[in-house]
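This report concerns only the one structure given below.
Protein chains: 2
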Amino acid sequence: MTKVHNFSAGPGILPAEVLKQASEACINFDNLNLSLLEISHRSKNYEKVMDEARSIVKELFEVGDDYEVLYLGGGASLQFAMVPYNLLRENGTAAYVNTGVWATKAIKEAKLIGTTSVIASSEDKKFTYIPKGYEIPKDADYLHITSNNTIYGTQMQAFPKSPIPLVCDMSSDIFSRKVNAKDFALIYAGAQKNMGPAGSTMVMVKKDALGKTGRKMLSMLDYQVHIKGGSMYNTPPVFPIYVTLLTLQWLKKNGGIAWIEKVNQQKADALYNEIDRNSLFYGTTAKEDRSKMNVCFLTNKPELETEFDKLWKEANISGIRGHRDVGGYRASLYNALPLESVKALVEVMQAFEKKFA
Amino acid sequence: MTKVHNFSAGPGILPAEVLKQASEACINFDNLNLSLLEISHRSKNYEKVMDEARSIVKELFEVGDDYEVLYLGGGASLQFAMVPYNLLRENGTAAYVNTGVWATKAIKEAKLIGTTSVIASSEDKKFTYIPKGYEIPKDADYLHITSNNTIYGTQMQAFPKSPIPLVCDMSSDIFSRKVNAKDFALIYAGAQKNMGPAGSTMVMVKKDALGKTGRKMLSMLDYQVHIKGGSMYNTPPVFPIYVTLLTLQWLKKNGGIAWIEKVNQQKADALYNEIDRNSLFYGTTAKEDRSKMNVCFLTNKPELETEFDKLWKEANISGIRGHRDVGGYRASLYNALPLESVKALVEVMQAFEKKFA
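Same order as they appear, the protein sequences are chains A and B. According to the working numbering, the stretch in the first sequence is residues 490 to 846, in order. According to the working numbering, the stretch in the second sequence is residues 490 to 846, in order.
Following this line, the structure appears as structure tokens:
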């Protein structure tokens, strides 16, 4: 098979060895002579998967037993509702920073649940930068931020020092770099960008942040119900969670966060250096807020886009078309993308310049 | 590999050819040289999967464009909340029939949303029968029933003629027999028992039943939002939906509902006949309400259970331990279970009788 350089923005690339293990588990899981797709989630073999998938998150985040890890169905979009449902007190206020489409959606759901205040936003410049220096209201129940904005290619290089519980949607850069997880009351991430396939969402929550809203709660929207059930209150997304575990094991085995942070820095440097050097391309965001996960760029000769498209397709590059809201190109450099793929893209950009500049 | 007879109650057995296709898609999907686990759900290749997965449900149920099909994350348990959230008017009433643990959970969630009336129940006899002859209130917003009760092994052989919209949890017997789907306003099913792997839930809903509650709705809990998004309002559980499509294609190719209904009848007859004939076993439910999907039985020599367990394990039988609420044995005869597996179990029951009766 020809090697494809997969820059998909999500669901995104997974390590080849993980895909191989996933493929095998579809036929014979854990030497049971049964497929992982047809065994009980209550079997000992699967309970072990769930236990490990939960504990490896705490290990990678270096947090203790004051945190709980859940894998839930429904996607990060369901968390946009579950976060305020579980943390926003009746008659309380939630504070949000708006850095893009996903943050806007999170704000919309919070407003349906209670008083929600947008304390900072970069909407004025089409979300091309990360707001800084805003004041965080001390009386709000929590502050919600989005660490990385897939569509616009911006990323928080530092997190706000928050006097109130800090909640972060890390869907598109989780486990890509070192963060002080203990500074957060809740971190969530749809798995399909940087930690596994589509179908499950990881939620890590500090236990003492819960149970304070005064709200009567629907079971499936109540983190405490899922905690009590060991993330198996109901049948979980069995296979997606298994593949997520495999992906996190791959990360740990290769050197963990310290290792991947270096690799991700190399990949981002290689691509941003080329964008800045190449006379036919330019980046779309404030330089200091550039995302190491999603690199957005445009060509200053839009009439040549078809020519550029031809070149990268010939080089077996896939998934670098920009989001419809931004246009141009977006190369997603998730953990599993090798440096070699970035080099292939850089070569194509150089060949394009040579031919058309 | 030794063939395992998989009687798991759910997640349950899937066809061998489906597992093989699923395994291949983990490595190379649709000749893209990419895994299905790492491609965008917005790719043409996957949009085709979603379109077919939705249309094949309408085809198998023989309904027209007045119905919509959705695949959602979160499990049937999330539907326990979404059904009343979308159908129970503010100040309206919902009617429920309680036939087991899952119906009880559905009722609990409905009560959190609005006035809910349990119009019939078999709780008085530990859910060993299906209530009949109850009156359905004409002024309720809908009637919710559970077609098959996995834990207790009961099944509705006929559905109530309802003057109000009929809603059915078909999680454990969907597509196992002919039903007049047009009699239902909404049918839902967690995929992992009879139509695919864990991780997605199918909802088929009549469009004109929606939008009447007067409730301000959270996006992810609003069927109309998901309908508008073509079941891709957010990233769907990509792989579970694909495997569900493969399973339904397998069903259709082999002769559809008419074919599987016959096969399921043969399997159920073979096992119930043996239970009734064998002096060491007896069924746990009212005969007229026996489930063709989940066959629950006990031995009248409980002191010999360990001996029986030894025999079926030697015969490579898996997953027939009864639910903790009922004890004894439960053999689940989902669509993908071959008649040959039932014969293997019957032989073991006969050998057990020969040895110990």
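Virtual Cβ for every residue (Gly too), placed ideally from N, Cα, C.
Collapsed DSSP secondary structure at residue i in the structure displayed
i	result
Gly-745(B)	helix
Glu-557(A)	strand
Arg-766(A)	helix
Leu-740(A)	helix
Tyr-712(B)	helix
Asp-628(B)	coil
Phe-845(B)	helix
Leu-525(B)	helix
Ala-674(A)	coil
Asn-753(A)	helix
Arg-543(B)	helix
Ser-830(B)	helix
Tyr-618(A)	coil
Ala-647(B)	coil
Asp-658(B)	strand
Thr-702(B)	coil
Phe-569(A)	helix
Val-538(B)	helix
Met-838(A)	helix
Ser-606(B)	strand
Thr-593(A)	helix
Tyr-761(B)	helix
Buried versus exposed, by CB contacts within 10 Å (16 or more), residue i
i	result
Thr-795(B)	exposed
Asp-658(B)	buried
Ser-524(B)	buried
Leu-828(B)	exposed
Asn-587(B)	buried
Gly-718(B)	exposed
Asn-669(B)	exposed
Asn-723(A)	buried
Glu-548(B)	exposed
Tyr-623(B)	exposed
Ala-609(B)	buried
Ala-565(A)	buried
Pro-729(B)	buried
Distance between residue j and residue i (C-alpha atoms, nearest Å)
i	j	result
Thr-635(B)	Tyr-761(B)	22 Å
Leu-567(B)	Ala-833(B)	37 Å
Phe-770(A)	Asp-798(A)	14 Å
Val-552(A)	Gly-817(A)	40 Å
Met-706(B)	Ala-599(B)	15 Å
Leu-793(B)	Lys-844(B)	11 Å
Asp-765(A)	Thr-788(A)	11 Å
Asp-630(A)	Tyr-677(A)	17 Å
Leu-508(A)	Ser-651(A)	39 Å
Leu-633(B)	Ser-661(B)	It should be noted that the sequence gives His, not Leu, for residue 633(B). One C-alpha to the other measures close to 15 Å.
Gly-745(B)	Glu-777(A)	59 Å
Gln-898(B)	Val-732(A)	Because chain B is modelled from 490 through 846, residue 898(B) falls outside the range shown and cannot be assessed.
Phe-550(A)	Glu-612(A)	31 Å
Lys-701(B)	Ala-583(A)	30 Å
Phe-673(A)	Glu-541(A)	22 Å
Asp-554(B)	Gln-644(A)	44 Å
Ile-663(B)	Gly-563(B)	18 Å
Lys-671(A)	Glu-527(B)	31 Å
Ala-570(A)	Asn-743(B)	42 Å
Lys-682(B)	Asn-638(B)	12 Å
Pro-686(B)	Lys-537(A)	19 Å
Contacts of residue i in chain D (Cβ-Cβ under 8 Å)
i	result
Lys-705(A)	Of the protein chains in this structure, namely A and B, none is chain D.
Neighbourhood of residue i by C-beta distance below 8 Å, restricted to the same chain and skipping five residues each side
i	result
Val-835(A)	Ala-759, Leu-760, Glu-763
Lys-667(A)	Ile-746, Ala-747, Glu-750
Same chain, Cβ closer than 6 Å to residue i, five either side skipped, listed in chain order
i	result
Asn-767(B)	Met-838, Glu-842
Arg-543(B)	Val-558
Leu-461(A)	Within the shown structure, residues of chain A are numbered from 490 to 846, placing residue 461(A) beyond reach of any answer.
Ile-716(A)	Glu-557
Own chain, CB closer than 7 Å to residue i, minus 5 neighbours either side, in chain order
i	result
Ile-640(A)	Gly-589, Val-590, His-812, Asp-814, Val-815
Pro-504(A)	Thr-736, Trp-739, Ala-825
Lys-627(A)	Pro-652, Ile-653
Ile-625(A)	Ala-584, Ile-608, Leu-632, Pro-649, Ser-651, Pro-652, Ile-653
For this session: Flag this pair as touching only if the region 495-513 of chain A and the region 801-817 of chain A have three or more C-beta atom pairs under 8 Å; answer yes or no.
Result: yes
Exercise. Are the region 609-618 of chain B and the region 747-758 of chain B in contact at 8 Å, needing three or more beta carbon pairs?
Worked result: no
Exercise. Touching or not, the region 521-539 of chain B and the region 519-534 of chain A, by the rule of three or more beta carbon pairs under 8 Å?
Worked result: no
Exercise. Can at least three beta-carbon pairs, one atom from the region 497-517 of chain B and one from the region 784-792 of chain A, be found at a separation below 8 Å?
Worked result: no
Exercise. Are the region 562-577 of chain B and the region 579-597 of chain A in contact at 8 Å, needing three or more beta carbon pairs?
Worked result: no
For this session: Say whether the region 688-701 of chain B touches the region 655-669 of chain A, bearing in mind that this needs 3 or more beta-carbon pairs closer than 8 Å, one atom from each stretch.
Result: no
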